[in-house]
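Worksheet: the structure to be examined is printed underneath.
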Amino acid sequence: LGGREKALVQGPALYVKALLKELEETNTGNYDIAQEATHHGPYLDKPAFFAEIGSNEEHWPNPELGRTMAETLLKILTNPVREGKTIVALGGPHYLPNFTAKLEHTEYAVGHACPKHSISGLTKELLQQAIDRTIPRPEMVLLDWKGLGPNKDLIRKLTEACPVPVERLERFR
1362 LGGREKALVQ GPALYVKALL KELEETNTGN YDIAQEATHH GPYLDKPAFF AEIGSNEEHW
1422 PNPELGRTMA ETLLKILTNP VREGKTIVAL GGPHYLPNFT AKLEHTEYAV GHACPKHSIS
1482 GLTKELLQQA IDRTIPRPEM VLLDWKGLGP NKDLIRKLTE ACPVPVERLE RFR
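Per our numbering, residue 1362 is the first one in the sequence shown, and the count goes up by one each step.
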């Protein structure tokens, strides 16, 4: 999909949170609105995020969904996004439901995220990229500890010299 192996784009987390919030507020079709974990390209040198309509062929050609997404993107990209803080998320399911539930009504936005099914491929270099390429720079790495599965030892090792604080989602306030 045009990505570069082991290269993350600059992720403007506050814009993603603004998009999700706006889509939730205008959701008249009872559609699921979710943030996905970092997982594909294309790779760009400028800050970028990817907004998708649905996950099946029933949703993709729907003109009303396309119009809603286009109007919402225009709204958030042409208006200043309020200030906030960001985190890098590790663990849990691909659609980040645990992080969304915990952070939804806070000033925090999820930048890059590595779900449980991808943790075994995470390296110190990729974790550092996730931190360096989340905009604004994350305040912390937040762990879905229960959602790390058998990768807890790997995460302990990868985060022992982390340049930002590391906290468990269950303890986050």
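The beta carbon of each residue, even a glycine, is placed where N, CA and C say it ideally should be.
What residue from the options has the CA that sits closest to residue i's CA?
| i | options | result |
| --- | --- | --- |
| residue 1479 | 1407, 1454 and 1497 | 1454 |
| residue 1490 | 1375, 1413 and 1472 | 1472 |
| residue 1371 | 1498, 1463 and 1393 | 1498 |
| residue 1527 | 1511, 1417, 1508 and 1500 | 1500 |
| residue 1385 | 1494, 1466, 1474 and 1519 | 1466 |
| residue 1392 | 1517, 1518, 1417 and 1444 | 1417 |
| residue 1519 | 1388, 1442 and 1485 | 1485 |
| residue 1432 | 1522, 1517 and 1387 | 1387 |
| residue 1405 | 1513, 1428, 1369 and 1438 | 1369 |
| residue 1442 | 1426, 1378, 1428 and 1458 | 1378 |
| residue 1474 | 1424, 1382 and 1400 | 1400 |
Check for me: the beta strand (DSSP E) holding residue i runs from which residue to which?
| i | result |
| --- | --- |
| residue 1504 | 1501-1504 |
| residue 1532 | Neither: residue 1532 is in no beta strand (DSSP E) and is coded neither H nor E. |
For residue i, which residues in the same chain have their Cβ closer than 6 Å to its Cβ, ignoring the five residues on either side in sequence?
| i | result |
| --- | --- |
| residue 1395 | 1456 |
| residue 1419 | none |
| residue 1452 | 1477, 1504, 1505, 1508 and 1509 |
| residue 1458 | none |
| residue 1409 | 1370 |
Quick test of your reading: residue i and residue j, contact by CB under 8 Å. State the CB separation rounded to the nearest angstrom.
| i | j | result |
| --- | --- | --- |
| residue 1524 | residue 1398 | About 21 Å; that fails the 8 Å criterion. |
| residue 1487 | residue 1367 | 6 Å |
| residue 1460 | residue 1530 | 7 Å |
| residue 1492 | residue 1449 | 6 Å |
| residue 1435 | residue 1380 | Between residue 1380 and residue 1435 the Cβ distance is about 11 Å, and since that is not below 8 Å, they are no contact. |
| residue 1402 | residue 1364 | 2 Å |
For residue i, which residues of its own chain have a beta-carbon under 7 Å away from its beta-carbon, when the five flanking residues on both sides are left out?
| i | result |
| --- | --- |
| residue 1533 | 1463 and 1503 |
| residue 1430 | 1412 and 1414 |
| residue 1427 | 1414 |
Just curious, the alpha helix (DSSP H) that residue i is in, first and last residue?
| i | result |
| --- | --- |
| residue 1356 | Residue numbering for the chain in the displayed model covers 1362 to 1534; residue 1356 lies beyond these limits and cannot be assessed. |
| residue 1520 | 1513-1520 |
| residue 1487 | 1485-1493 |
Suppose the cutoff is 8 Å on Cβ atoms and the five residues either side in sequence are ignored; what does the same chain contact list for residue i look like?
| i | result |
| --- | --- |
| residue 1515 | 1480, 1481 and 1483 |
| residue 1447 | 1374, 1375, 1469, 1470, 1471, 1472, 1495, 1496, 1497, 1498, 1499 and 1500 |
| residue 1421 | 1414 and 1415 |
| residue 1440 | none |
| residue 1438 | 1376 |
| residue 1513 | 1506 |
Looking at residue i and the ligand SAM, is the gap between the Cβ and the nearest heavy atom below 7 Å?
| i | result |
| --- | --- |
| residue 1468 | With respect to small molecules bound, the structure shown includes none, and the ligand SAM cannot be examined in it. |
Handout entry: Entirely enclosed beta strand (DSSP E) segments - the region 1421-1479, minimum 3 residues
Key = 1446-1451 and 1469-1475
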